[in-house]
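Trainee: Mind having a look at this structure? Questions to follow.
4 protein chains.
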Amino acid sequence: MVATTELDLPRLRRAFHRHPEPAWREFHTTARLVEEVRSIGVDELAVGPEAYDPDDRMAAPDADSDEVRRWMDRAIERGADEELVEQMAGGNTGLVAVLDRQDGADGEDGPHVGLRVDIDGLFIEESADEEHLPVREGFRSETEETMHACGHDAHMTWGLAVLDAVKRSDFAGRFTVFFQPAEEVSGGGHPMAESEYAAGLDSLFAVHVGLDHPTGEVVAGVEEILAMCHVDATFRGTSAHAGKAPNEGDNAMQALGTAIQNAYGIPRHADGMTRVNIGVAEAGTASNIIAEKATIHGEARGETTELMEYMKSKLSRTLDSAAEMHGCEADVEIVSESPRVDSDPELAGVVADAAAGVDGVETVTERAAFGASEDATFLMDRAHREGGRATFLIVGTDHPTSHHTATFDVDERSLPIGVEVLTKAVLAAGEGEPGAE
Amino acid sequence: MVATTELDLPRLRRAFHRHPEPAWREFHTTARLVEEVRSIGVDELAVGPEAYDPDDRMAAPDADSDEVRRWMDRAIERGADEELVEQMAGGNTGLVAVLDRQDGADGEDGPHVGLRVDIDGLFIEESADEEHLPVREGFRSETEETMHACGHDAHMTWGLAVLDAVKRSDFAGRFTVFFQPAEEVSGGGHPMAESEYAAGLDSLFAVHVGLDHPTGEVVAGVEEILAMCHVDATFRGTSAHAGKAPNEGDNAMQALGTAIQNAYGIPRHADGMTRVNIGVAEAGTASNIIAEKATIHGEARGETTELMEYMKSKLSRTLDSAAEMHGCEADVEIVSESPRVDSDPELAGVVADAAAGVDGVETVTERAAFGASEDATFLMDRAHREGGRATFLIVGTDHPTSHHTATFDVDERSLPIGVEVLTKAVLAAGEGEPGAE
Amino acid sequence: MVATTELDLPRLRRAFHRHPEPAWREFHTTARLVEEVRSIGVDELAVGPEAYDPDDRMAAPDADSDEVRRWMDRAIERGADEELVEQMAGGNTGLVAVLDRQDGADGEDGPHVGLRVDIDGLFIEESADEEHLPVREGFRSETEETMHACGHDAHMTWGLAVLDAVKRSDFAGRFTVFFQPAEEVSGGGHPMAESEYAAGLDSLFAVHVGLDHPTGEVVAGVEEILAMCHVDATFRGTSAHAGKAPNEGDNAMQALGTAIQNAYGIPRHADGMTRVNIGVAEAGTASNIIAEKATIHGEARGETTELMEYMKSKLSRTLDSAAEMHGCEADVEIVSESPRVDSDPELAGVVADAAAGVDGVETVTERAAFGASEDATFLMDRAHREGGRATFLIVGTDHPTSHHTATFDVDERSLPIGVEVLTKAVLAAGEGEPGAE
Amino acid sequence: MVATTELDLPRLRRAFHRHPEPAWREFHTTARLVEEVRSIGVDELAVGPEAYDPDDRMAAPDADSDEVRRWMDRAIERGADEELVEQMAGGNTGLVAVLDRQDGADGEDGPHVGLRVDIDGLFIEESADEEHLPVREGFRSETEETMHACGHDAHMTWGLAVLDAVKRSDFAGRFTVFFQPAEEVSGGGHPMAESEYAAGLDSLFAVHVGLDHPTGEVVAGVEEILAMCHVDATFRGTSAHAGKAPNEGDNAMQALGTAIQNAYGIPRHADGMTRVNIGVAEAGTASNIIAEKATIHGEARGETTELMEYMKSKLSRTLDSAAEMHGCEADVEIVSESPRVDSDPELAGVVADAAAGVDGVETVTERAAFGASEDATFLMDRAHREGGRATFLIVGTDHPTSHHTATFDVDERSLPIGVEVLTKAVLAAGEGEPGAE
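Chains as they are written, first to last, in UniProt numbering: chain D, 1 to 437; chain G, 1 to 437; chain U, 1 to 437; chain P, 1 to 437.
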């Protein structure tokens with residue numbers, strides 16, 4: 001039952017690192033993944049609209065947007081297969097790869113095991129500091145103001161390598177790898193979870209690197225994945241000349257200021273952890289014009305789905321009142337949301353068993369609080385609802401600075417650890433019900 | 001002493017209207033003006049760095065900016081002379097045209113008369129409504145998100161037509177037309193005023209269209225041109241993951257919100273009118289990241305230079321304290337400023353006399369409060385300091401909506417009125433002291 | 001026609017200064033004025049409800065309030081006539097004194113001339129600094145946290161002394177002195193103006209001391225008395241334990257913070273000067289309780305009545321939206337307002353003529369901008385509406401610090417100047433129509 | 001070892017309920033407690049300054065304050081022993097009662113067992129609604145705007161009744177009851193904990209009623225008593241006339257608004273629960289004066305002492321920056337703080353054992369999160385530091401509305417339950433050294 005991959009893990013990860021693409025723009029990334037999956041060889045391969053219903057996407061871009069087109073062109077310029085890129089037009093990125101290896105000997109199907117990894121980068125300009133290892137070793141992001149600052153480059157590497165290793169094993173059953181786009185905007189988890197590929201999952205593994213757990217630690221299953229929603233808002237007022245007629249304006253800039261100040265002031269909740277953030281704001285066109293328009297991208301989270309709903313409702317009221325105070329119209333849109341889910345303890349136990357004895361693993365933590373959000377919860381939730389089990393595991397890595405910062409990096413010693421832990425867990429899950437061993 | 005122009009005023013104005021360019025990016029505009037000036041024929045023509053010292057510019061762009069380069073390329077694409085555009089590289093736009101017509105008969109130089117018009121557009125997307133005349137008549141802005149929404153297209157038309165008319169007259173002296181760039185950012189007045197071309201002005205006319213004065217009204221000289229400053233600020237904090245570690249951030253978004261709220265709250269002043277505006281704000285990179293950076297473009301004005309200084313100093317303190325409150329660094333820069341100047345009553349009298357009897361002029365208003373700012377005050381101030389006279393006149397126009405709005409338009413009946421009033425005033429000023437007639 | 005008073009002006013003024021009382025609580029003050037008026041001897045004397053209809057009062061206190069009762073008791077303790085104080089129960093303070101001296105010789109009534117002075121103090125704790133003259137000379141306020149910091153002590157002195165002087169003159173006509181309460185809250189002008197005593201005023205003088213004009217200057221008539229309104233607001237939310245259940249509160253404190261921030265940010269107006277102030281705020285009961293209630297006392301002003309209406313409407317919206325943002329109810333009440341009025345130039349001319357030649361007068365300023373508000377405008381407005389003339393004059397005084405500060409004081413050299421200017425003006429106005437002389 | 005009290009519990013509790021007094025003003029309350037303690041009979045009784053060093057008090061009032069004097073007078077009026085009240089002058093309220101019952105048989109001292117109850121009320125006006133039981137049954141608060149809205153009336157009843165019951169038992173050792181003042185402002189815990197009476201506690205019980213646990217539930221020991229600090233701040237600016245010279249003010253009202261808005265926006269912390277509240281604010285003196293002064297009473301809490309320190313430091317920065325932004329001085333004072341402490345599991349076990357079998361107890365919860373703060377932690381911390389054990393237990397009660405609301409009430413069925421649980425626990429703890437069992 002031993003299984004290995006022959007892929008060159010650091011080479012793969014660095015190639016992904018050099019070409020980060022933001023949510024729903026992973027054209028080059030998807031094309032590259034397709035290439036690697038084909039080279040491994042699978043039974044089913046579904047790309048973009050084949051893998052899910054585009055209408056199920058959350059936080060999706062305007063299909064006709066010039067900006068999306070530019071990402072497509074850039075991907076093609078960088079060598080992505082043009083036909084493949086066109087298939088993803090409008091931002092239908094990502095893929096699903098399936099090994100269908102029912103042994104059929106006993107007339108019974110083997111189990112359906114899934115692995116979910118995410119593939120998008122972030123709008124962060126990667127550090128150009130010589131101290132930053134990707135600079136020193138020459139694989140710094142080549143995409144302006146975009147960076148794999150959350151380790152999804154490592155996740156994709158694991159997705160491919162585990163696929164390769166399972167291919168080479170005696171696994172009997174159905175093994176599906178979800179290369180999910182748009183995790184950072186909570187956009188891709190929902191369509192993946194709604195697709196036929198997510199049907200009948202007996203065991204699902206979702207994985208993340210790092211998150212303040214050092215190289216050598218494996219967390220078998222996280223709890224308290226915060227529920228979250230993404231909120232976009234636009235304030236529309238009336239422009240006017242700031243010198244001649246300030247009174248004729250309905251100032252979207254003031255609505256923005258009021259909204260920011262009050263959003264962070266939404267009361268903390270007795271029932272548990274909540275979060276709120278206005279992450280992006282843009283307003284106005286010139287210093288001497290009363291701003292006619294302001295836009296906001298924000299989010300709210302809660303330790304439970306109820307707490308997220310509390311924050312969402314207060315945030316909506318805050319945005320509406322801020323607009324009203326300054327004579328503006330507010331257009332508030334909940335662009336995506338993801339529920340709270342906890343890992344299944346039994347399947348986490350399978351991971352813990354798998355991690356024990358893996359070379360380089362020093363600590364196996366059964367359970368830990370997550371404290372953030374992840375739209376893997378959509379897939380996990382579906383597995384649970386259909387009677388399966390799901391766990392979200394963390395493979396530790398020494399990272400020099402926090403996730404989502406310009407000098408984030410992954411300790412590549414964690415790459416083979418992740419592959420081995422995941423492969424062993426997938427194979428163990430494939431053998432049948434835990435305890436049947 | 002009668003003088004006329006043979007230029008087709010509406011055609012000229014509409015051509016400018018179709019190709020607006022923002023401050024310090026008037027490459028196509030300048031090239032087109034040069035073409036027209038050459039066709040009129042002048043004694044001296046100075047373009048960009050020939051017309052002023054680029055170091056004297058205020059609110060100037062980064063010379064190596066890609067964005068400036070794109071405006072240069074666009075100008076060339078639209079047919080601007082490439083060599084001329086390259087001469088303006090880095091954003092050294094605008095020109096000065098001079099008729100040097102000393103008659104020499106009596107061995108004495110004639111007077112130096114100046115006319116200042118401004119040439120830049122605004123970052124406003126022009127209305128596409130069929131009701132909007134430029135749409136109906138096919139001369140809507142062809143530049144995305146940029147518009148002549150303040151009438152500088154009419155100003156340029158006047159500059160050229162008056163030059164043409166004076167050329168055709170018996171004017172004896174030196175007549176300088178300043179086609180000043182970057183008025184909307186108070187950027188071009190200062191370098192023009194510091195240049196040799198502004199030396200020894202006996203009479204200077206600056207002109208504006210409209211400003212809520214209807215077609216048929218001429219205001220001979222405005223008072224209370226507000227002093228103004230433009231302020232840019234950047235808040236630099238610390239990014240962090242909004243879900244995992246909100247406490248690790250120093251939130252530039254919160255600094256921005258605090259700054260906006262408090263900037264508009266700077267106390268009104270007993271000594272007169274003040275203004276403040278945060279016209280543009282941008283902050284953050286993603287909804288789930290605590291914003292590391294926020295930028296602001298704002299302005300402050302005062303009825304007097306002292307009042308402007310009061311507002312500037314309060315605004316600076318506000319921005320600094322907002323940053324400090326949220327653990328951010330504030331980088332506050334005063335990018336430009338212009339003083340308060342009033343029109344010279346005597347020269348305004350010359351304008352009033354000139355306007356009387358002009359066809360289409362129904363009302364001549366001797367003096368009116370301006371209530372806004374204008375960096376023409378730099379040139380006016382220089383003229384006053386060197387013993388000359390300056391007036392800022394308004395040629396009324398029926399405009400359907402306010403200046404700086406998407407449906408602003410000029411009533412073209414005001415075009416010939418402006419030409420005749422200005423030409424008569426220039427010729428009268430050229431004859432010597434008013435009253436000497 | 002010369003007229004003088006025999007009253008001891010500094011003694012009178014200092015007596016008033018020692019016993020300041022706030023708006024609608026001038027029980028001791030009124031009683032003292034009645035005593036002095038009786039000692040002068042008048043034809044009609046109307047106190048409190050005799051002088052006006054209590055229902056016409058603005059910003060009036062709750063009639064049954066314990067706090068008003070305490071001011072009544074204090075007045076009685078300090079020696080005020082008890083019966084008189086009871087007559088003013090509920091806060092119906094102030095008085096009107098009338099000399100009715102029609103000469104009847106020609107069967108025609110002489111003119112009706114009025115003088116309006118105000119009588120209330122301010123909630124300011126007077127300085128105890130030895131440098132402060134009232135301390136040094138022993139007439140510092142004996143009322144805790146209350147002070148004549150606006151010079152109404154001088155105004156009352158003038159009211160009495162001019163009454164005395166006119167009594168001693170050959171004035172033929174009706175002379176009414178309005179000792180108006182509650183000017184500081186714009187509360188007493190309206191009922192005085194609505195009363196029968198204000199009917200048929202041919203000439204009305206209202207007077208103020210100081211206002212940054214030095215001893216020796218007289219301003220014959222002010223312009224631009226700002227229109228004003230007083231606004232009270234209460235935010236009602238829901239209290240909750242700040243540690244156990246912050247989410248269960250609807251935080252009136254947050255509504256207050258939002259209201260303050262946004263009130264001062266109401267846009268300046270192109271048409272002229274505006275003002276806004278939140279002068280008093282109180283919220284909450286304990287540091288560990290989410291505040292259930294917050295109250296605000298504020299005001300808005302405008303250079304014109306329209307501008308005041310603009311500010312009032314924006315302020316109301318601001319308060320409503322601030323409440324809504326935090327789930328509170330807002331109860332916003334306009335407790336009083338006063339219109340914009342300008343002095344009549346002709347009657348100001350009478351004052352200017354009167355001031356010329358008065359001992360101690362060095363400068364006579366025909367007209368000056370006022371820049372603040374005054375509910376004398378109600379009386380002025382009535383006079384104008386009924387065909388009479390009104391002027392608001394200023395008798396300068398050197399005051400060491402600003403009005404409404406703890407170290408404000410009046411230069412007593414201005415006391416006799418005021419008496420003589422006013423008496424001469426009243427007598428001149430009494431002679432008949434200007435120009436009829 | 002059975003012990004009972006003969007006190008009439010509802011009668012006692014209702015008597016306390018009728019006379020609530022706020023922190024450091026419990027003059028009548030203390031006098032009444034002394035009376036009851038004397039009637040029970042104890043070995044040591046220390047009142048006010050005898051019980052602790054007044055200098056150790058936190059959040060103590062100004063000793064010479066008129067307001068404190070008024071509470072003293074009111075207590076005397078209501079029948080409190082005058083000499084006793086004077087002994088507490090300046091606000092040194094509270095008492096300690098001791099039974100010293102060493103049996104001495106074996107020459108060894110018995111254990112020192114403590115019980116801490118708190119005695120202060122809250123500034124809340126008790127509901128006058130007929131539905132509210134204290135109204136219906138005639139024991140509504142007779143103190144204006146003050147109420148036992150947190151159940152301290154029940155706590156005192158328990159303190160007395162357990163003292164009585166232990167007195168009647170065969171308890172051998174030292175039993176100290178701390179009737180602690182000023183819990184609501186975290187003011188009395190510290191001086192009690194520093195006193196000699198708190199020395200050598202082997203077991204300490206602190207108790208609270210209700211807190212959302214119903215009648216019949218006992219929580220044996222709470223965890224997560226939030227660390228807390230109380231913060232007072234004063235902003236001092238410059239007053240000015242809001243109409244004449246708004247620019248001359250340094251507006252403490254604006255500083256207040258900015259402070260409120262930003263205080264609630266202090267970022268949530270990844271490490272756990274935090275709280276912040278501005279509970280009381282007062283600013284300004286008149287609607288037409290720019291406020292010279294504003295005061296704030298606020299608090300911050302954290303799940304750990306470190307988190308409280310984080311909040312405290314951010315809150316201080318917020319207040320300082322808000323002042324600076326508006327040219328004011330900020331005087332920020334941390335008036336009291338209390339640490340995070342958790343109950344000792346072993347001693348909680350003693351409580352759980354005691355609760356089992358008590359009549360009316362339906363549920364015994366071993367441990368529960370507290371989620372609020374309590375300055376009982378000072379005493380608990382001292383016991384722990386000196387090698388003893390402490391637990392904070394909750395005796396459930398059905399309360400119709402939340403603690404700290406106007407309609408809070410205690411279900412009196414919980415009174416005997418509390419007495420029996422506490423008495424049994426005290427006696428069990430008194431049987432010997434932990435571990436000696």
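Ideal placement from N, C-alpha and C gives every residue a C-beta, glycine not left out.
Just so you know, these numbers come straight off a predicted model, no measurement behind them.
For glutamate 183(G), which option in Thr215(G), Met58(G) and Gly210(G) has the closest C-alpha, if you only look at C-alpha atoms?
Mentor: Nearest of Thr215(G), Met58(G) and Gly210(G) to glutamate 183(G), Cα basis: Met58(G).
Trainee: The beta strand (DSSP E) with residue 467(D) in it runs from where to where?
Mentor: With chain D represented from 1 up to 437, any question about residue 467(D) goes unanswered, as that position is not in the structure.
Trainee: Specify, as a first and last residue, the run of the beta strand (DSSP E) that glycine 114(P) falls within.
Mentor: Note, glycine 114(P): beta strand (DSSP E), 112-118.
Trainee: Per DSSP, serine 203(D) forms a beta bridge with which residues?
Mentor: Answer is Val113(D) and Arg389(D), bridged to serine 203(D).
Trainee: Near methionine 253(P), what residues of its chain come up, given a Cβ to Cβ distance below 8 Å and the 5 sequence neighbours on each side ignored?
Mentor: Excluding residues within five positions, the ones whose Cβ falls inside 8 Å are Ala283, Gly284, Ile290, Ala291 and Ala294.
Trainee: Could you say which of His208(D), Gly418(D) and Leu163(D) lies nearest to serine 373(D) if we only look at CA atoms?
Mentor: Ranking His208(D), Gly418(D) and Leu163(D) by Cα distance to serine 373(D) puts His208(D) first.
Trainee: Looking at the strands, I want to know which residues DSSP matches up with aspartate 232(U).
Mentor: Per DSSP, His297(U) and Glu333(U).
Trainee: Determine the DSSP secondary structure at glutamate 36(G), reduced to helix, strand or coil.
Mentor: If DSSP states are grouped into helix, strand and coil, glutamate 36(G) belongs with the helices.
Trainee: Under three-state DSSP, which class holds glycine 189(G)?
Mentor: Residue state, collapsed to three classes: helix.
Trainee: Quick one: which residues of the segment 403-431 of chain D get their C-beta closer than 9 Å to a C-beta of chain G? List them in chain order.
Mentor: Those would be His403, His404, Thr405 and Ala406, in chain order.
Trainee: Taking 8 Å as the threshold, find out whether the segment 77-92 of chain U comes into contact with the segment 244-262 of chain P through three or more Cβ pairs.
Mentor: Too few Cβ pairs lie closer than 8 Å, so no.
Trainee: Tell me, to the nearest whole angstrom, how far the beta carbon of arginine 301(D) is from that of leucine 211(D); I am working on the premise that it is less than 8 Å.
Mentor: Contact flag wrong, Cβ pair sits at about 15 Å.
Trainee: Give the straight-line distance between the Cα atoms of aspartate 56(P) and aspartate 375(P), rounded to the nearest whole angstrom.
Mentor: Each residue's Cα considered, the two are about 13 Å apart.
Trainee: Sorted by chain position, which residues of the same chain lie with C-beta nearer than 7 Å to tyrosine 264(D)'s C-beta, five sequence neighbours on each side aside?
Mentor: So the qualifying residues of the chain are Val276.
Trainee: Checking contacts by CB at 8 Å: is arginine 236(G) closer than that to chain D?
Mentor: With 8 Å as the cut-off, arginine 236(G) does not count as an interface residue toward chain D.
Trainee: If contact means a Cβ-Cβ distance below 9 Å, which residues of the segment 209-224 of chain P contact chain U?
Mentor: Against chain U - using a Cβ distance shorter than 9 Å - the residues of the segment 209-224 of chain P are Leu211 and Asp212.
Trainee: Give a yes or no on whether the minimum CB-CB distance between arginine 140(P) and chain G is below 8 Å.
Mentor: Arginine 140(P) does not count as touching chain G.
Trainee: To which residues of the same chain is threonine 215(P) closer than 7 Å at the C-beta, ignoring the five residues directly before and after it?
Mentor: The answer, listed in chain order, is Gly396, Thr397, Asp398, Asp411, Arg413 and Ser414.
Trainee: Any beta-carbon of chain G closer than 8 Å to the one on glutamate 324(P)?
Mentor: For glutamate 324(P), the answer is yes, since a Cβ of chain G falls inside 8 Å of its Cβ.
Trainee: How many angstroms separate the CA atom of valine 42(G) from the CA atom of histidine 112(G)?
Mentor: Going from the Cα of valine 42(G) to the Cα of histidine 112(G) covers about 15 Å.
Trainee: For leucine 307(D), go through chain G and note every residue whose CB falls closer than 9 Å to its CB, in chain order.
Mentor: Within 9 Å Cβ-Cβ: nothing; leucine 307(D) doesn't reach chain G, min ~13 Å.
Trainee: Can the beta-carbon of alanine 220(P) be found closer than 8 Å to that of leucine 393(P)?
Mentor: Yes, they are a contact pair.
Trainee: From which residue to which residue does the alpha helix (DSSP H) around threonine 423(G) run?
Mentor: Note, threonine 423(G): alpha helix (DSSP H), 414-430.
Trainee: With a floor of 3 residues, list each beta strand (DSSP E) that falls wholly inside the segment 141-190 of chain U, ordered by position along the chain.
Mentor: With a minimum length of 3 residues, the continuous beta strand (DSSP E) runs that stay inside the segment 141-190 of chain U are 173-180.
Trainee: Which residue marks the beginning of the alpha helix (DSSP H) containing isoleucine 76(D), and which one marks its end?
Mentor: Here the alpha helix (DSSP H) through isoleucine 76(D) covers 66-77.
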